[in-house]
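Asks: I'd like to ask you about the structure that follows.
Numbering (my numbering), first residue to last: 52 to 533.
The structure is reproduced here in structure tokens:
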């Protein structure tokens with residue numbers, strides 16, 4: 052079903068989960084589809100390849116009722132999620148999980164809580180460091196690549212999208228580079244699915260951190276924001292660009308792969324005393340690890356942070372969550388900085404002893420209810436713990452960035468919206484390159500896999516509907532390039 056004059060109905064930019072879901076859904080609905088992937092080889096890298104494989108919405112079961120999921124999204128984003136996107140995700144999440152299964156993607160239950168009801172099979176290896184080959188996301192992408200080809204779709208590797216081609220007010224193709232040559236590929240529609248912009252230092256400096264070289268790339272380093280830049284160049288509206296999904300990591304992860312993506316140190320930081328390079332608290336730690344990682348990244352020096360704790364915290368919250376800091380940090384070769392007094396500890400980590408003593412006293416007083424926290428702690432889900440019993444410990448930290456949560460604004464059907472929030476004809480987007488669902492001022496996290504699978508599937512359906520209608524089902528014509 053080609054109406055573009057070139058034999059192509061849909062070009063999909065990006066070969067991760069969002070791109071493959073878009074392409075496969077469009078192909079099974081009869082479209083002639085070509086995926087453009089800049090990576091090469093059977094193991095081309097992207098975040099979907101690295102994933103541990105937990106499909107969830109707001110850390111809960113994707114198969115929950117739509118009303119429950121909307122409430123969950125509203126809660127984790129503090130009401131800032133766009134209602135149309137939240138409702139669409141919630142209403143189609145279970146269908147997306149089932150649809151992936153029909154294409155050979157294995158999903159299993161790996162734990163009792165909602166977070167672990169839908170995990171890729173075989174599941175990711177639960178060990179420190181990066182272990183992805185023949186597990187979870189790697190198997191998923193191999194399966195989806197084979198399925199796309201079985202449906203007649205094309206998958207072009209070593210191909211970088213450079214710019215969108217616009218004709219008579221519609222996006223009708225992509226300018227690409229491959230084999231050191233540029234050419235224009237034409238199609239009836241284009242879907243941008245190339246991930247976030249976390250590996251683009253300029254965009255990171257503009258939106259996330261003053262020091263992009265001092266945050267950890269807890270990702271495949273392939274998400275450079277090319278699609279976002281191309282979309283903005285033809286008038287697309289960007290939304291929620293100031294936050295990312297990630298975790299708090301041991302500082303040596305910046306140079307040592309043994310310490311990322313696991314263990315994460317979130318449980319220590321929501322419970323113990325988190326301080327910056329001046330020995331002062333700087334954020335509401337009770338909002339969780341994703342929020343803390345964002346707050347760390349915004350500091351003048353994101354690598355100056357430590358979490359201060361005592362043995363009770365290390366033996367309690369230190370053992371909480373997946374691959375917890377205790378014992379996995381030390382098993383991987385990391386170490387606690389320990390001392391018998393706070394003054395000695397301050398000297399070992401380069402902080403002023405008087406300032407650290409003062410901050411610990413203020414912290415302990417607030418924990419005991421003697422005075423308010425400053426900054427305030429607003430979420431009772433995470434209990435603060437006093438730092439009171441020697442030996443005292445400190446762990447040097449860094450902020451690990453997995454993917455940026457803002458990006459191209461789309462409607463609920465995956466159509467890219469212009470600055471007046473009208474659809475740009477012929478242009479779709481899905482996955483981590485999009486904004487409007489998660490992030491915002493409290494860095495609320497919905498879930499990357501659920502977002503990519505569900506909205507990728509929907510974007511494929513929208514592309515098929517638009518091509519069948521010769522793209523006339525887009526009601527409004529956007530002012531491209533305005």
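From the three backbone atoms N, C-alpha and C, an ideal C-beta is built for every residue, glycine too. Since the structure is predicted, the reported quantities are computational estimates derived from the model, not experimental observations.
Just to confirm, is the Cβ distance from residue 360 to residue 438 under 8 Å?
Replies: Taking the first residue of the chain shown as 1, we reach residue 360 at position 309. Taking the first residue of the chain shown as 1, we reach residue 438 at position 387. Going by C-beta atoms, residue 360 is nearer than 8 Å to residue 438.
Asks: Strictly by DSSP, which residues pair up with residue 301?
Replies: Here the question's residue 301 lines up with position 250 in the chain shown. Answer is 448, bridged to residue 301.
Asks: What residues match up with residue 226 in a beta bridge as DSSP calls it?
Replies: Your numbering for residue 226 matches position 175 in the chain shown. Residue 226 pairs with 214 and 235.
Asks: Confirm, please, whether the CB-CB distance from residue 309 to residue 183 is below 8 Å.
Replies: Reading the chain shown from its first residue, position 132 is the one you call residue 183. Reading the chain shown from its first residue, position 258 is the one you call residue 309. Contact: no.
Asks: In whole angstroms, give me the CA-to-CA distance for residue 422 and residue 435.
Replies: On the chain shown, residue 422 is found 371 positions in, with the first residue counted as 1. On the chain shown, residue 435 is found 384 positions in, with the first residue counted as 1. One C-alpha to the other measures close to 14 Å.
Asks: Could you say which of 445, 348 and 405 lies nearest to residue 365 if we only look at CA atoms?
Replies: What you label residue 365 is simply residue 314 of the chain shown in a count that begins at 1. Closest option to residue 365, Cα to Cα, is 445.
Asks: My parser needs the alpha helix (DSSP H) runs of 4 or more residues fully inside the segment 125 to 194; what are they?
Replies: 134 to 153
Asks: Buried or exposed: where does residue 67 fall if 16 or more other Cβ atoms within 10 Å of its Cβ makes it buried?
Replies: For this step, residue 67 is matched to residue 16 along the chain shown. Classification for residue 67: buried.
Asks: Is the separation between the beta-carbon of residue 333 and that of residue 350 shorter than 8 Å?
Replies: Position 282 of the chain shown, counting from 1, holds the residue named residue 333. Position 299 of the chain shown, counting from 1, holds the residue named residue 350. A contact, by the Cβ cut-off of 8 Å.
Asks: Assuming residue 311 contacts residue 181 (C-beta within less than 8 Å), just tell me the rounded distance between them.
Replies: In the chain shown, counting from the first residue as 1, residue 311 sits at position 260. In the chain shown, counting from the first residue as 1, residue 181 sits at position 130. About 7 Å; that satisfies the 8 Å criterion.
Asks: Roughly how many whole angstroms lie between the Cα atoms of residue 418 and residue 424?
Replies: Here residue 418 refers to the residue found at position 367 of the chain shown. Here residue 424 refers to the residue found at position 373 of the chain shown. For residue 418 and residue 424, the distance between alpha carbons rounds to 8 Å.
Asks: Spell out the partners DSSP gives residue 357 in its beta bridges.
Replies: Start at 1 with the first residue of the chain shown, and residue 357 comes out as number 306. According to DSSP, residue 357 bridges with 326 and 447.
Asks: Specify the secondary structure class of residue 53 as computed by DSSP and reduced to three states.
Replies: If you number the chain shown from 1, residue 53 lands on position 2. Note that residue 53 scores a pLDDT of 42, beneath 50, so its modelled location is shaky; the value from the coordinates is reported in the next line. The answer is coil: DSSP assigns residue 53 none of H, G, I, E or B.
Asks: Work out the CA separation of residue 318 and residue 156 for me, nearest whole Å.
Replies: Against the chain shown, residue 156 aligns to sequence position 105. Against the chain shown, residue 318 aligns to sequence position 267. Rounded to whole angstroms, residue 156 to residue 318 spans 32 Å at the Cα level.
Asks: For residue 363, tell me which candidate among 357, 379, 323 and 375 has the shortest Cα-Cα distance.
Replies: Numbered from 1 along the chain shown, position 312 holds the residue referred to as residue 363. The candidate whose alpha carbon is nearest that of residue 363 is 323.
Asks: Suppose contacts are defined by Cβ-Cβ distances below 8 Å. Is residue 117 in contact with residue 141 by that definition?
Replies: As a first step, residue 117 is located in the chain shown; it is residue number 66 there, counting from the start. As a first step, residue 141 is located in the chain shown; it is residue number 90 there, counting from the start. Cβ atoms of residue 117 and residue 141: closer than 8 Å.
Asks: For residue 376 and residue 352, what's the separation of their Cα atoms in angstroms?
Replies: Position 325 of the chain shown holds residue 376. Position 301 of the chain shown holds residue 352. Taking the straight line from one Cα to the other gives about 23 Å.
Asks: Who are residue 296's beta bridge partners in DSSP?
Replies: Here residue 296 is taken as the residue at index 245 of the chain shown, counted from 1. Answer is 454.
Asks: Secondary structure at residue 115, three-state DSSP: helix, strand or coil?
Replies: The sequence position of residue 115 within the chain shown is 64, counting from 1. In this structure, residue 115 counts as coil in the three-state DSSP scheme.
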